[in-house]
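So the sequence lines, in the order shown, correspond to chains P and C. Just so we're aligned: 75 in this note's numbering is position 75 of the first sequence, and the numbers increase by one with no gaps anywhere. Just so we're aligned: 1139 in this note's numbering is position 139 of the second sequence, and the numbers increase by one with no gaps anywhere.
Protein chains: 2
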Amino acid sequence: MALDQQVIVSAAREILQQEGFDKLSLRKIADALGVQTPALYWHVRDRAQLYGLLAEQFLREVIAQTGLETTGRDWLISFGTALRDSHRINRDSARLVAFVQPSQTVEQEVANVILDHLEAGGMSRDLARIACSSMQAFTLGWSLFESNASVRPMMIGNLDSDAAFLLALTQLAEGLASVDLSFQQTNGTKPPPPDLFVG
Amino acid sequence: MALDQQVIVSAAREILQQEGFDKLSLRKIADALGVQTPALYWHVRDRAQLYGLLAEQFLREVIAQTGLETTGRDWLISFGTALRDSHRINRDSARLVAFVQPSQTVEQEVANVILDHLEAGGMSRDLARIACSSMQAFTLGWSLFESNASVRPMMIGNLDSDAAFLLALTQLAEGLASVDLSFQQTNGTKPPPPDLFVG
DNA sequence: CAATCACCTTAAGGGTATTAAGGAGAGGAC
DNA sequence: GTCCTCTCCTTAATACCCTTAAGGTGATTG
């Protein structure tokens, strides 16, 4: 099998899934591919870029799996749910995302896709940015907490973790969507917050 | 200066603030204290415990700085704001929290303090758990995103980051508080979510 | 006074990412 | 066919890192 950036990313993903983030290393990836460690550097700048590519792949899959709901509220919930499912299925992916600096161009592309979805659902682009950031932030943080064995029992207790997540996610999505409406209708129940722009 | 767990934590904190999480290491801490690296192991089990103590100190300070608002909504907002301020002031503290497994006893204690606050503000203990988890998760995730140079411009754009955070935080807090009301009044606008408990 | 214990040292083992330099092979130019 | 070049990988080396083992020193205590 010819060495390739995609092949390396796949091998890394396999090891991450199998052994977790702590055990992931360039050496182990190279071993799995039957190659010496420095060979990876021909296809990948460094570890940070490799992990960034991995995170990017996860995010792309989430977007592909997110439904085509029409309203902003529903899309946000679908997006958040898909994001959390990804973090649950892909071991330590939350820790990975917390660790890496994804490539800027990719993030730009992904962001545009998301923002287009939300605009199509009737959100202003500025609020869509906030909403999208919020959903990703909330889901990432929740996944990190959830995968933390010592925090989980205190915070979740004997509650159903899925239901608790969905409850909070829904509240956040509805809250953000309601701000959007107040922007558009100008007679919403909540006034828009002041000074949302810099400068 | 006699070596001590607290002294070590303080030195670690200083290096974290000065050089960031990537540059933090036991060796550097030991150097700063004028001591050999293995000396640290007399006072600290391993790196994970040391970082956990650091995260614990941050969290304690946040709780101490959180106001004594009476309503659950206000307390949550105050808590979330203090948490984010801490992450902004203390460099890479979000990445640290994402990395460590804090000690269970400490988390228990802190959780109890928080939950007592929320119960005093009129929340059910179960919803307080969810609310508290949600605020910490959201703030942690937001801080991680915000400190990520390549994600920030896409997600926040030219918006005021402070205002955007506060907007989303407020929506989340109000949403969670409203669920609480519907629990207590049993005539709220939103029905309680089904199957919140496990089993 | 001797023994113990706390605390730190040096020494060593094994892990990591990364760079430098060199070799083997494919492909094209002439 | 020969030579050159470029791609892709190897070996070698550097410089970190965490952690454990074993040994020494000085204060404390019986």
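All residues carry an ideal CB built from backbone N, CA and C; glycine is no exception.
How is the alpha helix (DSSP H) around residue i delimited, first residue to last?
{"i": "H943/C", "result": "What is shown of chain C runs 1001 to 1199, which leaves residue 943/C out entirely."}
{"i": "L24/P", "result": "That residue, L24/P, is in no alpha helix (DSSP H); it is neither H nor E in DSSP."}
{"i": "R125/P", "result": "R125 to E146"}
{"i": "R1088/C", "result": "G1072 to I1089"}
For residue i, would you say it is in contact with chain P, using Cβ-to-Cβ distances shorter than 8 angstroms as the test?
{"i": "R1084/C", "result": "no"}
{"i": "A1048/C", "result": "no"}
{"i": "E1019/C", "result": "no"}
{"i": "S1134/C", "result": "yes"}
{"i": "Q1104/C", "result": "yes"}
{"i": "V1179/C", "result": "yes"}
{"i": "Q1057/C", "result": "no"}
{"i": "P1191/C", "result": "Confidence in P1191/C is poor, its pLDDT being 48 and thus under 50, which makes the residue's placement unreliable; the coordinate value appears in the next sentence. Not one chain P Cβ lies under 8 angstroms of P1191/C."}
{"i": "R989/C", "result": "No answer is possible for residue 989/C: it lies beyond the span of chain C, which begins at 1001 and ends at 1199."}
{"i": "R1088/C", "result": "no"}
My output table needs one value for residue i: the three-state DSSP class, helix, strand or coil.
{"i": "P102/P", "result": "coil"}
{"i": "Q36/P", "result": "coil"}
{"i": "R13/P", "result": "helix"}
{"i": "T1170/C", "result": "helix"}
{"i": "T1189/C", "result": "Legend: pLDDT at T1189/C = 45, less than 50; position of this residue unreliable, value from coordinates given subsequently. Coil, per DSSP."}
{"i": "L3/P", "result": "coil"}
{"i": "E1109/C", "result": "helix"}
{"i": "G122/P", "result": "coil"}
{"i": "E69/P", "result": "coil"}
{"i": "S1093/C", "result": "helix"}
{"i": "S150/P", "result": "coil"}
Using a Cβ-Cβ distance under 8 angstroms, would residue i count as near chain C?
{"i": "E75/P", "result": "The residue you asked about is not Glu; residue 75/P is Trp in the sequence shown. Output row for W75/P: interface = no."}
{"i": "A137/P", "result": "yes"}
{"i": "E174/P", "result": "yes"}
{"i": "T81/P", "result": "no"}
{"i": "Q6/P", "result": "no"}
{"i": "R91/P", "result": "no"}
{"i": "I130/P", "result": "yes"}
{"i": "E107/P", "result": "yes"}
{"i": "D116/P", "result": "no"}
{"i": "A149/P", "result": "yes"}
{"i": "M155/P", "result": "yes"}
{"i": "F45/P", "result": "Here residue 45/P turns out to be Arg, not Phe, going by the sequence shown. Chain C contact via Cβ: absent."}
{"i": "L140/P", "result": "yes"}
Does the structure place the stretch 135-154 of chain P close enough to the stretch 1100-1112 of chain C that three or more beta carbon pairs sit under 8 angstroms? yes
Are there three or more Cβ pairs, one per stretch, closer than 8 angstroms when the stretch 46-55 of chain P is compared with the stretch 123-135 of chain P? Too few Cβ pairs lie closer than 8 angstroms, so no.
Touching by the beta-carbon criterion (3+ pairs, under 8 angstroms), the stretch 1006-1024 of chain C and the stretch 163-183 of chain P: no
Check whether the stretch 1014-1032 of chain C and the stretch 1085-1100 of chain C are in contact - that is, three or more C-beta pairs closer than 8 angstroms. Enough Cβ pairs lie closer than 8 angstroms, so yes.
Looking at C-beta atoms only, is the number of pairs between the stretch 131-151 of chain P and the stretch 1140-1151 of chain C that lie closer than 8 angstroms three or more? yes
Taking 8 angstroms as the cut-off, does the stretch 1057-1069 of chain C touch the stretch 1033-1042 of chain C (at least 3 CB pairs, one atom from each stretch)? no
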